[in-house]
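Novice: Quick one: the structure is below, questions incoming.
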Amino acid sequence: GCGERGNEMTDVLQEFPQLSDPRTGLPLMKRTVLIANTSDMPVAAREASIYTGITIAEYFRDMGYRVAVIADSTSRWAEALREMSGRLEEMPGEEGYPAYLSTRLAEYYERAGSVVCLGREGRQGAITAIGAVSPPGGDTSEPVSQATLRIVKVFWGLSAELAYQRHFPAIDWLKSYSLYEDRLGDYFDIQVSPRWRSQVAETRALLQREAELNEIVRLVGFDALGRKEQLILETARMIREDFLQQDAFREVDRYTSPQKQAQMLQVILSWYHHGLNCLQNRQLWQELHQQELLTAIAGMKYQPEDQWEDVVTTLLHQLDTLSQEEEEGL
Numbered sequence: 110g111c112g113e114r115g116n117e118m119t120d121v122l123q124e125f126p127q128l129s130d131p132r133t134g135l136p137l138m139k140r141t142v143l144i145a146n147t148s149d150m151p152v153a154a155r156e157a158s159i160y161t162g163i164t165i166a167e168y169f170r171d172m173g174y175r176v177a178v179i180a181d182s183t184s185r186w187a188e189a190l191r192e193m194s195g196r197l198e199e200m201p202g203e204e205g206y207p208a209y210l211s212t213r214l215a216e217y218y219e220r221a222g223s224v225v226c227l228g229r230e231g232r233q234g235a236i237t238a239i240g241a242v243s244p245p246g247g248d249t250s251e252p253v254s255q256a257t258l259r260i261v262k263v264f265w266g267l268s269a270e271l272a273y274q275r276h277f278p279a280i281d282w283l284k285s286y287s288l289y290e291d292r293l294g295d296y297f298d299i300q301v302s303p304r305w306r307s308q309v310a311e312t313r314a315l316l317q318r319e320a321e322l323n324e325i326v327r328l329v330g331f332d333a334l335g336r337k338e339q340l341i342l343e344t345a346r347m348i349r350e351d352f353l354q355q356d357a358f359r360e361v362d363r364y365t366s367p368q369k370q371a372q373m374l375q376v377i378l379s380w381y382h383h384g385l386n387c388l389q390n391r392q393l394w395q396e397l398h399q400q401e402l403l404t405a406i407a408g409m410k411y412q413p414e415d416q417w418e419d420v421v422t423t424l425l426h427q428l429d430t431l432s433q434e435e436e437e438g439l
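Taking this note's numbering, I'd label the letters of the sequence shown as residues 110 to 439.
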């Protein structure tokens with residue numbers, strides 16, 4: 110906690126001991142290190158806290174552990190740098206931040222990564238650095254956000270609008286990105302599903318198209334759209350609510366394996382493709398929108414992993430049955 114409110118750190122200290130590690134059953138606090146540096150503490154301590162955290166992470170990494178470091182927030186840390194720089198009468202940069210802001214941020218993030226540890230052969234450790242940037246008014250054009258984006262290769266843009274809608278995790282899929290996608294594409298195609306990259310690309314295109322259609326819907330309404338546009342909006346809603354949205358309080362939905370994710374996308378996109386094929390057939394269109402089928406698709410994320418194969422087989426069989434009816438109708 111770097112420059113955060115004291116009551117937020119207190120909440121973490123009170124809640125974490127009550128949470129248990131799902132793998133070991135022990136309190137989560139036993140595998141957590143907290144660096145509490147609240148906003149009412151000295152500025153010099155705020156600057157040092159982020160280095161303290163990453164150094165402790167390196168200590169555990171060198172023991173062969175995989176460590177996640179969460180710095181909340183690097184914006185408060187940068188403000189401490191600005192204040193210290195002002196007191197030292199250094200030459201200010203953009204918006205009063207020191208000219209070496211980008212260098213200091215890079216020094217922090219570049220301490221993350223995977224290493225082969227000294228000592229026992231084959232021992233590997235890793236650090237994953239996650240920095241929370243909280244720009245004033247959500248303006249990502251300010252220096253800290255821009256300097257961070259130039260360094261990191263993954264960006265999760267949080268959306269206040271999604272949070273107000275109780276859509277969690279509130280990650281904006283139109284703003285967020287990962288530059289590791291091309292590097293990891295072959296791995297996911299081999300280990301998870303041969304259609305992984307094509308499914309992700311099609312899903313992203315549908316969500317982008319939904320954002321464009323929403324502007325039209327605000328003007329003319331949903332019913333004024335053509336059937337194809339309505340199908341795109343319905344498919345995008347499925348992707349948002351039945352795939353991207355997660356319930357952290359449900360054990361089944363708290364974590365989903367990549368294999369299950371790929372098959373969930375396969376079901377949703379299969380429903381969309383069948384919809385494209387029966388745009389002109391009113392009866393098949395109504396069958397595709399049966400409440401029983403839509404409810405089964407919406408509830409598939411709550412199915413346990415050990416029962417998942419039967420569930421996805423049943424859903425794909427139902428959609429294939431519709432496909433056979435389409436061919437017979439033609």
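We treat Cβ as the ideally placed atom computed from N, Cα and C, and that holds for glycine.
Computed from a predicted structure; not experimentally measured.
Shorter than 7 Å, the distance from the beta carbon of GLN433 to the closest heavy atom of the ligand FMN, or not?
Specialist: Here there are no bound small molecules, and the ligand FMN is not part of this structure.
Novice: Under three-state DSSP, which class holds PRO207?
Specialist: Of the three classes helix, strand and coil, the one that applies to PRO207 here is strand, per DSSP.
Novice: Hey, how far is the Cα of ILE341 from the Cα of ILE377?
Specialist: Each residue's alpha carbon lies about 11 Å from the other.
Novice: Can you have a look at TYR206 and say buried or exposed, based on whether 16 or more other CB atoms are within 10 angstroms of its CB?
Specialist: Result: buried.
Novice: Exposed or buried, which one is LEU62 when buried takes at least 16 other CB atoms within 10 Å?
Specialist: The structure shown has nothing for residue 62, since the chain only spans 110 to 439.
Novice: Are three or more beta carbon pairs between the region 333–347 and the region 377–395 nearer than 8 Å?
Specialist: Yes: at least three Cβ pairs fall under 8 Å.
Novice: DSSP on GLN255, reduced to helix/strand/coil?
Specialist: It is helical.
Novice: Tell me, which residues are paired with GLU113 by DSSP?
Specialist: According to DSSP, which records beta bridges pairwise, GLU113 is partnered with THR147.
Novice: Three-state secondary structure (DSSP) at PRO244?
Specialist: Correct three-state label for PRO244: coil.
Novice: Under three-state DSSP, which class holds LEU322?
Specialist: The answer is helix: DSSP assigns LEU322 an H, G or I state.
Novice: With DSSP collapsed to three states, give me the class of PRO126.
Specialist: Helix at PRO126.
Novice: Which one of LEU143, GLN389, TRP186 has the shortest CA to CA distance from PRO151?
Specialist: For the residues LEU143, GLN389, TRP186, the minimum Cα distance to PRO151 belongs to TRP186.
Novice: Only counting the same chain, and skipping five residues up and downstream in sequence, which positions put a Cβ closer than 6 Å to that of ILE280?
Specialist: Contacts found: TRP265.
Novice: Let's test the definition: count the other Cβ atoms within 10 Å of the Cβ of VAL176 and tell me whether it reaches 16, buried, or not, exposed.
Specialist: Buried.
Novice: Could you check what DSSP says for PRO367 in three-state terms: helix, strand or coil?
Specialist: It is helical.
Novice: Does the Cβ-Cβ distance between GLN395 and PHE277 come in under 8 Å?
Specialist: Contact flag unset, no.
Novice: Let me check one thing: in DSSP terms, what residues is PRO136 bridge-paired to?
Specialist: DSSP lists SER129 as partners of PRO136.
Novice: Is the CB-CB distance between ASP181 and GLY246 below 8 Å?
Specialist: Going by C-beta atoms, ASP181 is not nearer than 8 Å to GLY246.
Novice: To which residues of the same chain is PRO136 closer than 8 Å at the C-beta, ignoring the five residues directly before and after it?
Specialist: So the qualifying residues of the chain are PHE125, PRO126, GLN127, LEU128, SER129, ASP130.
Novice: What is the rounded straight-line gap between the Cα of ILE239 and the Cα of TYR411?
Specialist: Going from the Cα of ILE239 to the Cα of TYR411 covers about 28 Å.
Novice: Could you pull out every unbroken beta strand (DSSP E) segment of at least 3 residues lying fully inside the region 162–236, listed in chain order?
Specialist: Runs of the beta strand (DSSP E) inside the region 162–236: 175–181, 222–225.
Novice: Could you check if GLU198 is buried or exposed, using at least 16 other CB atoms within 10 Å of its CB as the buried criterion?
Specialist: By the 10 Å Cβ count, GLU198 comes out exposed.
Novice: Rounded to the nearest angstrom, what separates ASP171 and SER285 at their Cα positions?
Specialist: Distance between the alpha carbons of ASP171 and SER285 is about 31 Å.
Novice: If you run the structure through DSSP and keep just helix, strand and coil, what is VAL361?
Specialist: Three-state DSSP puts VAL361 in a helix.
Novice: Which residues does DSSP list as the beta-bridge partners of ILE280?
Specialist: Bridge partners of ILE280: LEU267.
Novice: For ARG155 and LYS262, I'd like the C-alpha separation in whole angstroms.
Specialist: The alpha-carbon atoms of ARG155 and LYS262 are separated by roughly 26 Å.
Novice: When DSSP labels each residue in this structure, what does SER285 get in the three-state scheme?
Specialist: Residue state, collapsed to three classes: coil.
Novice: Any contact of the region 367–375 with the region 289–307, i.e. 3+ C-beta pairs under 8 Å?
Specialist: Counting Cβ pairs under 8 Å, three or more are found: they touch.
Novice: Kindly identify the DSSP beta-bridge partner or partners of ILE239.
Specialist: According to DSSP, ILE239 bridges with ILE179.
Novice: Taking just the CA atoms, how far does TRP282 sit from THR365?
Specialist: Looking at the two C-alpha atoms, the distance is approximately 18 Å.
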